[in-house]
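For reference, each letter of the sequence shown is one residue, going 209 to 557 in the working numbering.
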Amino acid sequence: MTRLRWPSWMPIDPYIVLLLGTVGLAALFPARGTGATVASGASTAAIAFLFFLYGARLSTREALDGLRHWRLHVTVLACTFVVFPLLGLAARAAVPALLTQPLYQGLLFLTLVPSTIQSSIAFTSIARGNVPAAICAGSFSSLVGIVLTPLLAAGLLGNSGGGFSAHSLVDIVLQLLVPFLAGQLLRRRIGPFVARHKKVLGLVDRGSILLVVYTAFSEGMVQGIWHQVSPARLGALLLVEAALLAVMLLLTWYGARALGFGRGDRIAIQFAGSKKSLASGLPMASVLFGAHASLAVLPLMLFHQMQLMVCAVIAKRRAHDLPDADTDTGADGSAAPAAEGRPGDRVLR
């Protein structure tokens, strides 16, 4: 009997299904009263634990080893934290014709979060690009985003970001930065344990994010903010996000060529510079937006799935148009290995 399989070039991240299921659970059974207090406290602890794990996993040595290819990393950081936010600001023109103000704030927020790590590496590998560069670029982006994303949110969203204030900055330091630095400091001691139990801890951090989403959407239901969203507005949001992704994919590819990067480096720049991290963005939004976090993370959740589907198609095509040579020399003269691969289980980030 023939088994039907979903095409590998159009991935539907199973975790997105779980996230949507969590949203549905929050819509039907939102946490209220004492339950909301317990869920909020558990969510706060989960966010701190998430960033502790991020710090314990991120190899500072590997990131520093990649400094020799600084032009590529500066390019990716500029795409992530300069070009993306500028396009987000330009999207303000879509309000109120296409987007409501809360949806626009969520769209602008998604342009501020760091790039992905795992999925950038996976797609760069499929396309036979510079995988080591993708690893370092994703690590740099995550490291810089811990500090830069909240600062950009403070400057660009201000008090319109659902109550962003000095208190929010304190929460960011306590819930995000301090646990991350603690993980980095303890990495030499707990790193082997984290590596040995990678699968179990992966389930833990994904479960923590589900808890964050449930808490955020429960608060949104109690506050009644979902009455602000209509199917037409969601459709308009998808169109705006599709345009945003298309512009970034074109800019990263042809801009990297104009800057003189080789094929392998251009692939790494395109995949690392055009995507946004759901794993980092969801906890940050919960801290920054409070009760308004549900609408703030909706654009990021939609963009995440869209980028996976589009980049999977592009990666397959890049692999087929590979020149005869098995390696490609980057802008710094290093050879980028032509590695085969496919998106792994941890494409969330």
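In this text, a Cβ means the ideal position worked out from N, Cα and C, and glycines have one as well.
Check, Outcome
"Exposure of Pro400, with buried meaning 16 or more beta-carbon neighbours within 10 Å", "exposed"
"Cβ shell of Arg265 (< 7 Å), same chain only, five flanking positions each side left out", "Val402"
"Own chain partners of Ser482 with C-beta closer than 6 Å, once the 5 adjacent residues on each side are dropped", "Met456, Leu457, Thr460"
"Chain-order list of residues whose beta-carbon lies under 6 Å from that of Ser502 (same chain, five-residue window excluded)", "Ala424, Phe425, Gly428"
"Which of helix, strand or coil DSSP assigns to Phe497", "helix"
"Whole-number beta carbon distance between Thr283 and Leu320, since they are thought to touch under 8 Å", "Actually they do not touch by this definition, with Cβ atoms about 18 Å apart."
"Length of the line joining the Cα atoms of Leu393 and Asp413", "20 Å"
"Cβ-Cβ distance between Ala480 and Ser323 below 8 Å", "yes"
"Simplified DSSP assignment, three categories, for His405", "coil"
"Three-state secondary structure (DSSP) of Ile380", "helix"
"Residue burial classification, Gly346 (beta-carbon count within 10 angstroms, cutoff 16)", "buried"
"Whether Gln478 touches Ala464 by CB criterion (8 Å)", "yes"
"Exposed unless 16 or more other CB atoms sit within 10 angstroms - verdict on Gly353", "buried"
"Residue range of the unbroken alpha helix (DSSP H) whose run includes Pro293", "292-298"
"Best match in Gln515, Met509, Gly472 for proximity to Ala335 [C-alpha to C-alpha]", "Gly472"
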